[in-house]
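Q: Residue numbers for the sequence shown follow the working numbering, beginning at 1 and rising by one.
Even for Gly, the Cβ is constructed at its ideal location relative to N, Cα and C.
Every value quoted in this text rests on a predicted model; they were computed, and no experiment measured them.
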Amino acid sequence: MEFGLKGRIALVPAASKGIGFGVAKVLASEGCKVVISSRNQDSIRKATEQIVRETGNREAYGFKADLTSREDVDQLLVSARQKIGSIDILAYNTGPPKPGTLTELTESDWDYGIKLLLMSATRLAKGIVPEMVKKQWGRLIFITSTTLRQPITNLLLSNTVRLSLAGLSKSLATEFGPKGITSNGIMQGHILTDRQRQIAEDVSRRTGKSVEDAMKQALLDVPAGRYGTVDEIGYLVAFLASDRASYINGAMIPIDGGMIKSVF
Ligand code: NAD
Numbered sequence: 001m002e003f004g005l006k007g008r009i010a011l012v013p014a015a016s017k018g019i020g021f022g023v024a025k026v027l028a029s030e031g032c033k034v035v036i037s038s039r040n041q042d043s044i045r046k047a048t049e050q051i052v053r054e055t056g057n058r059e060a061y062g063f064k065a066d067l068t069s070r071e072d073v074d075q076l077l078v079s080a081r082q083k084i085g086s087i088d089i090l091a092y093n094t095g096p097p098k099p100g101t102l103t104e105l106t107e108s109d110w111d112y113g114i115k116l117l118l119m120s121a122t123r124l125a126k127g128i129v130p131e132m133v134k135k136q137w138g139r140l141i142f143i144t145s146t147t148l149r150q151p152i153t154n155l156l157l158s159n160t161v162r163l164s165l166a167g168l169s170k171s172l173a174t175e176f177g178p179k180g181i182t183s184n185g186i187m188q189g190h191i192l193t194d195r196q197r198q199i200a201e202d203v204s205r206r207t208g209k210s211v212e213d214a215m216k217q218a219l220l221d222v223p224a225g226r227y228g229t230v231d232e233i234g235y236l237v238a239f240l241a242s243d244r245a246s247y248i249n250g251a252m253i254p255i256d257g258g259m260i261k262s263v264f
């Protein structure tokens, strides 16, 4: 596909595997220069090499950064700037929060979840938006979850803390829309990654079902009858990042095979 993204600089955090990796790979295949990060040096190096190998785009750079650490986030932005320049596209992604109910989650689980799911997004946006304002062009794309619209049993952290990203994205859309910046979010449903297996293992522990049966059961609510792929998330992100989507601002778009049942 041709989205007109050649030469744009994109940052995709939490991208050594799963959705972040898929998004970074699609953006690289569209000609973006991509910066990816995750907590482990070796896995982010391997992911970067895989993107270069599979897309033929040599402009992929990997950095170690734990999104729950303010210092790491600050350093990630400095390294990205030094290596390739100021960021045009933030495809915000993060690691999965711990599953659990109100009784199971501890005070420190909540602290960690808030740092992971909310503070990392505000810190990245705060660090990047001033450069976008100077250029009068930018794309903020917050990869969230269908839990914003329809809570999932036993995923209390995701159901609760992630909702704040809807407020953040909408507020940034209003504040920076006049500066040529769009801010949107996507709410993905069941996408086939290790996270789905982690959730199925949690269901299996609670119910005694096998992990395979738990994975099949999750699809009963999905009219499309299958898991989504990380490439499908990547193509939606690429479209939102393109000039063709410049009139989409402040939207929160589901990509879930029809799983969300509400009309609005
Ligand atoms: P994944 O487990 O496959 O990949 C997560 C990535 O995040 C990995 O690269 C990991 O190294 C990185 N990571 C984890 N903690 C980190 C931290 N503290 N700092 C930096 N990097 C960190 O997960 P995924 O399926 O790709 O999910 C990505 C996000 O989307 C998660 O927040 C997840 O909860 C959410 N989500 C996933 C699905 C799905 O169906 N897969 C659905 C809705 C929401």
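Report all residues from its chain with a CB closer than 6 angstroms to the CB of I253; omit the five preceding and five following residues, and keep chain order.
A: So the list reads I186, once near-sequence residues are dropped.
Q: Leaving out five residues before and five after A28 in sequence, what residues of the same chain have Cβ atoms less than 7 angstroms from its Cβ?
A: Correct list, in chain order: V34, I51, T55, N57, A60.
Q: Can you list, in chain order, the residues of its chain whose CB lies under 8 angstroms from that of V222, leaving out five sequence neighbours each side?
A: The answer, listed in chain order, is G189, H190, D256, G257, G258, M259.
Q: Rounded to the nearest angstrom, what separates R139 and G22 at their Cα positions?
A: Distance between the alpha carbons of R139 and G22 is about 18 angstroms.
Q: Ends of the alpha helix (DSSP H) at T55?
A: Element bounds for T55: 41-55.
Q: Please determine, among I248, K261, D243, F264, the residue with the shortest C-alpha to C-alpha distance to G4.
A: Cα-wise, what sits closest to G4 is D243.
Q: Three or more C-beta pairs under 8 angstroms: does that hold for the region 230-246 against the region 197-212?
A: Short answer: they don't touch.
Q: Check the DSSP bridge columns for F142 and list the partner residues they point to.
A: The partner list for F142 (beta bridge, DSSP) reads Y92, G185.
Q: How is M119 classed by DSSP in three states: helix, strand or coil?
A: In the structure shown, M119 sits in a helix (DSSP, three-state: H, G or I).
Q: Could you check the C-alpha separation between F146 and G7 for me, to the nearest Å?
A: Looking at the sequence itself, residue 146 is Thr, so the reference to Phe does not match. Roughly 31 angstroms separates the two Cα atoms.
Q: Less than 8 angstroms between C-beta atoms, sequence neighbours within five positions excluded: which residues of the same chain meet that for T207?
A: The residues are A214.
Q: Specify, as a first and last residue, the run of the beta strand (DSSP E) that V12 falls within.
A: 9-12 is the extent of the beta strand (DSSP E) around V12.
Q: So L116 and T144 are in contact, right, with Cβ under 8 angstroms, and what is the actual spacing, rounded?
A: About 13 angstroms; that fails the 8 angstroms criterion.
Q: Using 8 angstroms as the Cβ pair cut-off and three pairs as the minimum, do the region 118-129 and the region 228-238 touch?
A: The answer is no - the region 228-238 does not touch the region 118-129, with fewer than three Cβ pairs under 8 angstroms.
Q: The alpha helix (DSSP H) that contains M215, what's its start and end?
A: Where M215 is concerned, the enclosing alpha helix (DSSP H) stretches over 211-218.
Q: Grab me the residues of T48's own chain with a C-beta within less than 8 angstroms of its C-beta, minus the 5 sequence neighbours each way, in chain order.
A: Around T48: I36, A60, Y61, G62.
Q: When DSSP labels each residue in this structure, what does A224 get in the three-state scheme?
A: In the structure shown, A224 sits in coil (DSSP, three-state: anything other than H, G, I, E or B).
Q: Please say whether K64 and Q41 have beta carbons closer to each other than 9 angstroms?
A: Cβ atoms of Q41 and K64: closer than 9 angstroms.
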